[in-house]
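Asker: Taken in order, these protein sequences are the chains called A and B.
Each residue of the first sequence is one higher than the one before, starting from 1 at the first, in UniProt numbering.
Each residue of the second sequence is one higher than the one before, starting from 1 at the first, in UniProt numbering.
Don't be surprised by glycine CBs; every beta carbon is placed ideally from N, CA and C.
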Amino acid sequence: MASHLTPAIYSALCDRSTPNGYRLDQAIQTGVDNPGHPFIKTVGMVAGDEESYEVFAELLDPVIKERHNGYDPKTMTHPTDLDSSKLTSGMFDEKYVLSSRVRTGRSIRGLSLPPACTRAERREVEHVVVEALSGLSGDLTGKYFSLTQMTDQEQQQLIDDHFLFDKPVSPLLTCAGMARDWPDARGIWHNNEKTFLIWVNEEDHTRVISMEKGGNMKRVFDRFCRGLKEVERLIQERGWEFMWNERLGYILTCPSNLGTGLRAGVHVKLPLLSKDPRFSKILDNLRLQKRGTGGVDTAAVGGTFDISNLDRLGQSEVQLVQTVVDGVNYLVECEKRLEKGQDIKVPAPIKTFK
Amino acid sequence: MPFGNTHNNFKLNYKVEEEFPDLSKHNNHMAKVLTKELYGKLRDKQTPSGYTLDDVIQTGVDNPGHPFIMTVGCVAGDEESYTVFKDLLDPIISDRHGGYKPDDKHKTDMNFENLKGGDDLDPNYVLSSRVRTGRSIKGFTLPPHNSRGERRLIEKLSVEALTSLDGEFKGKYYPLKSMTDAEQEQLINDHFLFDKPVSPLLTCAGMARDWPDGRGIWHNDDKTFLVWVNEEDHLRVISMQKGGNMREVFRRFCTGLAKIEEIFKKHNHGFMWSEHLGYILTCPSNLGTGLRGGVHVKLPKLSTHPKFDEILNRLRLQKRGTGGVDTASVGGVFDISNADRLGSSEVDQVQMVVDGVKLMVEMEKKLEKGEAIDSMIPAQK
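1) For residue 1 of chain B, would you say it is in contact with chain A, using Cβ-to-Cβ distances shorter than 8 Å as the test?
2) Note down, in chain order, all residues in the segment 34-55 of chain A with a beta-carbon under 7 Å from any beta-carbon belonging to chain B.
3) Buried or exposed: where does residue 1 of chain B fall if 16 or more other Cβ atoms within 10 Å of its Cβ makes it buried?
4) Count the other CB atoms, across all protein chains shown, that sit within 10 Å of the CB of residue 12 of chain B; report buried if there are 16 or more and exposed otherwise.
5) Could you list which residues in chain A have their beta carbon closer than 7 Å to that of residue 27 of chain B, in chain order?
6) Apart from the five residues just before and just after residue 323 of chain A, which ones in its own chain have a Cβ nearer than 8 Å to its Cβ?
7) Taking the alpha carbon of residue 355 of chain A as the point to measure from, which residue in A:119, A:173 and A:343 has its own alpha carbon closest?
8) Residue 259 of chain A: buried (16+ other C-beta within 10 angstroms of its C-beta) or exposed?
9) Go through its chain and collect everything with a Cβ distance to residue 390 of chain B's Cβ below 7 Å, but skip five positions before and after it.
10) Heavy atom of the ligand GTP less than 7 Å from the Cβ of residue 317 of chain B, yes or no?
11) Any idea what DSSP makes of residue 240 of chain B, helix, strand or coil?
12) Tell me the rounded alpha-carbon separation between residue 189 of chain A and residue 14 of chain B.
13) Using only alpha-carbon positions, find the residue among A:334, A:148, A:265 and A:117 that is nearest to residue 20 of chain A.
14) How would you write the range of the alpha helix (DSSP H) that residue 57 of chain B sits in, first residue to last?
15) Going by the DSSP bridge assignment, what does residue 298 of chain B pair with across the sheet?
16) Let me confirm a value: residue 44 of chain B is counted as buried when at least 16 other C-beta atoms fall within 10 Å, else exposed. Which label applies?
17) Contact between the segment 309-322 of chain B and the segment 240-259 of chain B is defined here as three or more beta-carbon pairs at a separation below 8 Å; is this criterion met?
18) Show which residues of chain A have a CB atom less than 9 Å away from the CB atom of residue 104 of chain B.
19) Residues of chain B with CB under 9 Å from residue 330 of chain A, in chain order?
20) I need the boundaries of the alpha helix (DSSP H) containing residue 253 of chain B, first residue and last residue.
21) Check the Cβ-Cβ distances between residue 267 of chain B and every residue of chain E, and say whether any is below 8 Å.
22) Going by DSSP in three states, residue 169 of chain A sits in which element: helix, strand or coil?
23) Go ahead and pull the three-state DSSP assignment for residue 255 of chain A.
24) Rounded to the nearest angstrom, what separates residue 56 of chain B and residue 28 of chain B at their Cα positions?
25) Taking the DSSP output, what are the residues bridged to residue 142 of chain A?
26) So, is the C-beta of residue 250 of chain A closer than 8 Å to a C-beta in chain B?
27) Check for me: the beta strand (DSSP E) holding residue 317 of chain B runs from which residue to which?
28) Could you check the C-alpha separation between residue 139 of chain B and residue 269 of chain B for me, to the nearest Å?
29) For the 8 Å Cβ check, are there 3 or more pairs between the segment 165-184 of chain B and the segment 30-37 of chain B?
30) Comparing alpha-carbon positions, which option in B:110, B:106 and B:210 lies nearest residue 44 of chain A?
31) Just to confirm, is the Cβ distance from residue 115 of chain B to residue 320 of chain B under 8 Å?
32) Let me check understanding here. Comparing Cα to Cα, which of A:336, A:338, A:2 and A:204 lies closest to residue 126 of chain A?
33) To the nearest angstrom, how far is it from the Cα of residue 356 of chain B to the Cα of residue 363 of chain B?
34) Please give me, in chain order, every unbroken run of the alpha helix (DSSP H) with length at least 4 that falls completely inside the segment 36-118 of chain B.
35) Where residue 89 of chain A and residue 71 of chain A are concerned, what is the direct C-alpha to C-alpha distance, given to the nearest angstrom?
36) What are the start and end residues of each continuous beta strand (DSSP E) run of 3 or more residues lying completely inside the segment 240-295 of chain A, in chain order?
What follows is the structure, encoded as structure tokens:
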């Protein structure tokens, strides 16, 4: 935000407001209050509703372009593809890959986003989503745990399963007003098998997660796509839909999560490769990023890394998960070669939407 | 987070029960007073600057409170909040300020000559003396609501006023955003530097927005008169010194404030004040005088006497640790200050501190000699 907001743009946009009354100062407040870090470039602004992305386009478009590797919302279109049957080689060597996971977010069209939503809107999001989820069946049958009505036992179980989310403490989120009225209308839904999980009204209307131990990314992605399509069908039956458009894909609160909003990743053991000086370059060329196993901003433990896709916008879900599958397979091959004392090669950079 | 008034109009599309906050787990003054009916009555109102009911109560909704400590749970965004949202704020003010009624009048008395004594508190026991208050500049909205433009203008006017002072009040302003490392180190060593608020009571009310823009600290060369600009209130004014001469601290306090007020008035920006509520500040708990006058005093024996708390109660005083609010006392040294803010004057409140501390020091001396203090225990003031 600070890289793109000039006095001229501020002047042009500061009198505008979205139909619901959301204004520029609110959109940028989080970026004003959190100057950032020399090495880590945060986005510095949020959307309060779907229309923010149009009303404040003069500022959001260049921010989006910089964050998403040159994707130009003015001229390009984003491909959506949730046909998981197209995924190939989605089964990893489980001697190296410990777990597989895919997450995204979805917003309910017609209701304001977490920075701006009123209590009534937030409660309506909860109602719409929970009603739809109660219609899931088979391996997706599950239960909703409201944060305001959780029993101590339920809370302990959710903590033990590593499912419970806390009230946001990051000032990036609190300064944007996303923690207002906590824990009103917040909750967690998961299926009985604990492989499909949905957070309600945390940083987005919904965060959808498919996960399991081991290396069967194909099954994780199958369930992800199937679950998402089912939920979409169920809300459409009741006259609702997800926020989506051709320019920006799925609309979420943070501009960094536009497009697919998808992060597909694995926990993988790469003790030798991670010590090789070429590791970062290999990841870069494969369009992957590494995190510690505690998630974003944590350190790796015992040579085990969280490896996931870098990109979100400009490529489809199928393309991005395939990128992770191909990339992780390559990394595991490198690790095996290093174990045998063989040399490895830095792969050529793969093509992005450019 | 202050939202625009257009956003508040949008909320009116929803029914009262759909928007009414869930206060079932809350223990603060706002939660005790706000019913669904009252919410329904006030929710379509706004002050001239666009401050709404949800803005007033957000901090109390986000901070349910503590079983033992009653927080206020609401703030004012401007002077008019206290009239537009009277139906909510008057009962809260009454609860917080000992039954103060909506038609009561507050006494202001900043004439230090009216204080009797106060210059002879025993420095063997009274280690330091201090008086603080807050002031809001008329014509601007308050920290929960003000824009960057307003905050900067408040800073500009404050700096103009303060840097024009001379004599014992000659001093310097240190803006937070352009402080040198050396200046910062010095202010920390002097215990003058204030931090960005971290308490959710304040951050949920929007008071830390745009930090550190427009914020700073001014103090005189002697370091006995200090002003915070744009922290929790427009101005927080502090007079302090080592030893027990509360009279001198209060004289400097009143004189300095009078000089500052003169200068603001010249610019048509006097202090916010009303006959009913006295000096208008952000938090309803600081209405009236907004004054906390106190000492750090050694009372190792008295503080362990079973009647200590009762004595404090009767003297209308409160105790804190020497780190300030919510800290513990160290080595029998306590921070003792007035409990009241609204309904009695500055002179009244400082008098209570002076007389009360004098009495407690005498009690401490008696206890040192192994004598009883029962005959000295005062009647309820």
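Answerer: Based on what the coordinates show:
1) Working through the second sequence from its first residue, we reach residue 1 of chain B at position 1. Annotation note: pLDDT 45 at residue 1 of chain B (below 50); position unreliable, coordinate value reported separately. Any Cβ of chain A closer than 8 Å to the Cβ of residue 1 of chain B would place that residue at the interface, and such an atom is present.
2) none
3) For the purposes of this step, residue 1 of chain B is identified with residue 1 of the second sequence, where counting begins at 1. Confidence in residue 1 of chain B is poor, its pLDDT being 45 and thus under 50, which makes the residue's placement unreliable; the coordinate value appears in the next sentence. So residue 1 of chain B ends up on the buried side.
4) By 1-based counting over the second sequence, the position of residue 12 of chain B is 12. Classification of residue 12 of chain B: exposed, given that the 10 Å Cβ count is below 16.
5) Taking the second sequence and counting its residues from 1, the one referred to as residue 27 of chain B is at position 27. By Cβ distance, chain A contributes nothing, its closest Cβ being about 16 Å from residue 27 of chain B, past 7 Å.
6) Indexing the first sequence from 1 puts residue 323 of chain A at position 323. Answer for residue 323 of chain A: 286, 287, 288, 309, 311, 315 and 350, listed in chain order.
7) With chain A running from 1 to 354 in the structure shown, residue 355 of chain A is simply not present.
8) Counting from one through the first sequence, the residue named residue 259 of chain A turns up at place 259. The Cβ neighbour count for residue 259 of chain A, taken over all protein chains shown within 10 Å, is at least 16; the residue is labelled buried.
9) The question about residue 390 of chain B has no answer here: the residues shown for chain B are numbered 1 through 381.
10) This structure lacks the ligand GTP; in fact it carries no ligand of any kind.
11) Within the second sequence, the letter at position 240 stands for residue 240 of chain B. Here DSSP, grouped into helix, strand and coil, assigns residue 240 of chain B to strand.
12) Within the first sequence, residue 189 of chain A is the residue found at index 189, counting from 1. Within the second sequence, residue 14 of chain B is the residue found at index 14, counting from 1. So the alpha carbons of these two residues sit roughly 26 Å apart.
13) For the purposes of this step, residue 20 of chain A is identified with residue 20 of the first sequence, where counting begins at 1. The residue with the shortest Cα to Cα distance from residue 20 of chain A is A:117.
14) Stepping through the second sequence from its first residue, residue 57 of chain B is reached at position 57. Residue 57 of chain B -> alpha helix (DSSP H) spans 53-62.
15) In the second sequence, residue 298 of chain B corresponds to position 298, counting from 1. For residue 298 of chain B, DSSP records a beta bridge to B:333.
16) Numbered from 1 along the second sequence, position 44 holds the residue referred to as residue 44 of chain B. Exposed is the call here.
17) no
18) Along the second sequence, one-based indexing puts residue 104 of chain B at 104. Neighbours of residue 104 of chain B on chain A: none; closest Cβ ~34 Å, over 9 Å.
19) Here the question's residue 330 of chain A lines up with position 330 in the first sequence. Residues of chain B passing the Cβ test: none, with the nearest at roughly 45 Å.
20) Residue mapping note: residue 253 of chain B aligns to position 253 of the second sequence, counting from 1. Annotation: the continuous alpha helix (DSSP H) that includes residue 253 of chain B extends over 246-266.
21) Note that chain E does not occur in the displayed structure, where the protein chains are A and B.
22) Counted from its first residue, the first sequence places residue 169 of chain A at position 169. Of the three classes helix, strand and coil, the one that applies to residue 169 of chain A here is coil, per DSSP.
23) The count along the first sequence starts at 1 and reaches residue 255 of chain A at position 255. DSSP places residue 255 of chain A in helix when its eight states are reduced to three.
24) Stepping through the second sequence from its first residue, residue 56 of chain B is reached at position 56. Stepping through the second sequence from its first residue, residue 28 of chain B is reached at position 28. One C-alpha to the other measures close to 14 Å.
25) On the first sequence, position 142 is the one that residue 142 of chain A refers to. Beta-bridge partners of residue 142 of chain A (DSSP): A:191.
26) Working through the first sequence from its first residue, we reach residue 250 of chain A at position 250. It does not: the Cβ of residue 250 of chain A has no partner Cβ on chain B nearer than 8 Å.
27) Position 317 of the second sequence, counted from the first residue, corresponds to residue 317 of chain B. Looking at the DSSP string, the run of the beta strand (DSSP E) that includes residue 317 of chain B is 317-320.
28) If you number the second sequence from 1, residue 139 of chain B lands on position 139. If you number the second sequence from 1, residue 269 of chain B lands on position 269. Near 6 Å, if we compare the C-alpha coordinates of residue 269 of chain B and residue 139 of chain B.
29) no
30) Counted from its first residue, the first sequence places residue 44 of chain A at position 44. Answer by Cα proximity: B:210.
31) Counted from its first residue, the second sequence places residue 115 of chain B at position 115. Counted from its first residue, the second sequence places residue 320 of chain B at position 320. Not closer than 8 Å, so no.
32) For this step, residue 126 of chain A is matched to residue 126 along the first sequence. Among A:336, A:338, A:2 and A:204, the Cα nearest to that of residue 126 of chain A belongs to A:204.
33) Residue mapping note: residue 356 of chain B aligns to position 356 of the second sequence, counting from 1. Residue mapping note: residue 363 of chain B aligns to position 363 of the second sequence, counting from 1. Each residue's Cα considered, the two are about 11 Å apart.
34) The alpha helix (DSSP H) runs of length 4 or more contained entirely in the segment 36-118 of chain B are, from start to end of the chain, 36-42, 53-62, 81-84 and 86-96.
35) Here residue 89 of chain A corresponds to residue number 89 of the first sequence, with the count starting at 1. Here residue 71 of chain A corresponds to residue number 71 of the first sequence, with the count starting at 1. If you take the alpha carbons of residue 89 of chain A and residue 71 of chain A, they lie about 28 Å apart.
36) 263-269 and 288-291
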